[in-house]
Amino acid sequence: MPHSILRTPRISESDHDHLDLDMPEYRSRAVSFSATSKQEDGDFILFPDHVPYPREAEAAAKWRNFFINRKTYTFIYGAAGCIYSASFRYFNGTITTMEKRFKIPSRNTGIISSGNDISQVFASILLTYYASGKNKPKWMSFSLYAIALYCLMSAMPHFLYGPGKDALQLTEEHRFELGNNLTDLMTITEKRKSLCNVNGTIAAVCDPEGGELAPQVLLFSAQVIFGIAESVYYVFGLSYLDDNVSRAKTPLMISELMLGPAVGYSLASFCLKFYIDPTLHPMITSKDPRWLGCWWAGWIFIALILVILGYCMGQFPKELNKSENKQQLTQEHIKRRKIDSFLINKEAAPLNEYLSETSVVKNKSDDDKPSFKGLKESLSRLLNNKIL
459 MPHSILRTPR
469 ISESDHDHLD
479 LDMPEYRSRA
489 VSFSATSKQE
499 DGDFILFPDH
509 VPYPREAEAA
519 AKWRNFFINR
529 KTYTFIYGAA
539 GCIYSASFRY
549 FNGTITTMEK
559 RFKIPSRNTG
569 IISSGNDISQ
579 VFASILLTYY
589 ASGKNKPKWM
599 SFSLYAIALY
609 CLMSAMPHFL
619 YGPGKDALQL
629 TEEHRFELGN
639 NLTDLMTITE
649 KRKSLCNVNG
659 TIAAVCDPEG
669 GELAPQVLLF
679 SAQVIFGIAE
689 SVYYVFGLSY
699 LDDNVSRAKT
709 PLMISELMLG
719 PAVGYSLASF
729 CLKFYIDPTL
739 HPMITSKDPR
749 WLGCWWAGWI
759 FIALILVILG
769 YCMGQFPKEL
779 NKSENKQQLT
789 QEHIKRRKID
799 SFLINKEAAP
809 LNEYLSETSV
819 VKNKSDDDKP
829 SFKGLKESLS
839 RLLNNKIL
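If you want my numbering, it's the position in the sequence shown, counting the first as 1, plus 458.
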């Protein structure tokens, strides 16, 4: 790759405080410089073409340092929890409209909502056991992307099946088209019946009491994904918060979480004021019991915010600054307790041998990786506990 000679002053010692010279762009890359490229007066500095300017490196360092901050993590984690809670409340606020649109009985709605709880129970057991040593911010970023997928899947029935025949009959654009042409009405009805089965064939039989089946299966699958993502968010997020953030910043996160229900119900109320298809002109108002609101629009808005928060969450390191110091303090505390125990029990081996033996045992236990066999043993001990 050709080199370019740039006329720029040398980087002063004060600039080293602002530049992260340990970035991959500034590490040695086996770049050779010719003797003629060096200048005695120091006015010229040779930069390879693939190395960024100091200003670009400074901006990149500032962007990366922004995510090595406890306040930033507390704010983003709390904001993600707020949007997560808002999505759950938004589902509760729009479920009656979805029942009316897809003819879903209330008993089936309960089954759909149970998918969240079922997946959350099994995911929490597995994640709690296998979470140690993982990159928690990456997993939390994955959970936020999964919740965004849940939002898109919840809105997908509208894009697959449209606003519905009942909603179209109440608009100025379709009232004559569906009311006067009996042949078209029968054709549309037959097509709607074919959508009641998952396979989508014309010969499929629709159960009028059970409603359309395919949207219900889609909503149940979305709830299962939501339960898994919720478990990841709490298991990894709270442990990462406890390891790296002081308790003094916890009220900020809790205050953000408390805004979630209000945001979710307010968004549901706002979206339901618009007709299910905003491009059409309804002949009724929102006070009419036949009104179908724009229940799907809020899901798109929530999904976009979750994608942004998921990207920001993935920028955090595996451990924040000074977390190693906290680990060292914890190890020193354990060492002091061992010394106190040795002073009380003087029958033990000499102190150095005692500490070395305990450290060997600790290192052996650290090398043990989680396994399915260990998971069964842990669950067996927990279930056989007499306290339960």
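Glycine included, C-beta positions come from ideal geometry on N, C-alpha and C.
None of these values were measured; they are calculated from a predicted model.
Going by DSSP, which residues form a beta bridge with residue i?
i: Gly751; result: Tyr733
i: Thr552; result: BP columns for Thr552 are empty, so no partner.
i: Thr629; result: Pro740
Between the beta-carbon of residue i and the beta-carbon of residue j, is there less than 7 Å?
i: Gly722; j: Thr555; result: no
i: Val693; j: Gly573; result: no
i: Thr567; j: Ala726; result: no
i: Leu710; j: Thr530; result: no
i: Ala761; j: Ala606; result: yes
i: Pro615; j: Pro673; result: yes
i: Gly718; j: Ala544; result: yes
i: Met771; j: Pro621; result: no
i: Ile763; j: Ile541; result: yes
Taking the straight line between their C-alpha atoms, what separation do you get for residue i and residue j?
i: Ile660; j: Ser577; result: Annotation note: pLDDT 43 at Ile660 (below 50); position unreliable, coordinate value reported separately. Taking the straight line joining both Cα atoms gives about 33 Å.
i: Pro740; j: Arg528; result: 50 Å
i: Ala613; j: Trp753; result: 8 Å
i: Ile526; j: Phe774; result: 6 Å
i: Ser838; j: Ile583; result: 13 Å
i: Arg487; j: Lys776; result: Here the model assigns Arg487 a pLDDT of 40, short of 50, so the residue's position is not dependable, and the following value carries that caveat. So the two alpha carbons sit approximately 26 Å from each other.
i: Met598; j: Ile758; result: 20 Å
i: Tyr691; j: Ile734; result: 32 Å
i: Ser704; j: Ala604; result: 28 Å
i: His632; j: Glu714; result: 45 Å
i: Leu671; j: Ala538; result: 32 Å
i: Cys609; j: Lys844; result: 42 Å
i: Ile534; j: Asp624; result: 42 Å
i: Ala581; j: Phe684; result: 11 Å
i: Thr737; j: Trp749; result: 15 Å
i: Asp746; j: Val765; result: 36 Å
i: Asp665; j: Leu626; result: At Asp665 the pLDDT is 48, less than 50, meaning the model places this residue with poor confidence and gives no usable figure here.
i: Arg565; j: Tyr769; result: 38 Å
i: Arg547; j: Ile570; result: 15 Å
i: Thr708; j: Phe600; result: 23 Å
i: Ala706; j: Phe732; result: 43 Å
i: Lys558; j: Asp575; result: 24 Å
i: Leu699; j: Val579; result: 22 Å
Kindly indicate which residue of the options has the alpha-carbon position closest to the one of residue i.
i: Gly536; options: Pro747, Asp735, Met716; result: Met716
i: Phe549; options: Gly695, Ser724, Arg705, Arg633; result: Ser724
i: Leu585; options: Ser564, Cys540, Arg559, Ile686; result: Ile686
i: Tyr619; options: Leu676, Ser543, Val765, Asn843; result: Leu676
i: Phe617; options: Thr629, Phe560, Gly772; result: Phe560
i: Phe728; options: Gly622, Leu764, Ala755; result: Ala755
i: Leu628; options: Tyr769, Ser744, Phe684, Arg565; result: Ser744
i: Glu630; options: Ile742, Tyr769, Asp746; result: Ile742
i: Lys592; options: Pro747, Ser697, Ile570; result: Ser697
So, under 8 Å CB-CB, residue i and residue j are touching, yes? Tell me the CB distance rounded to an integer number of Å.
i: Leu730; j: Leu602; result: Not a contact, Cβ separation roughly 26 Å.
i: Asn702; j: Leu778; result: 4 Å
i: Met611; j: Ser679; result: 7 Å
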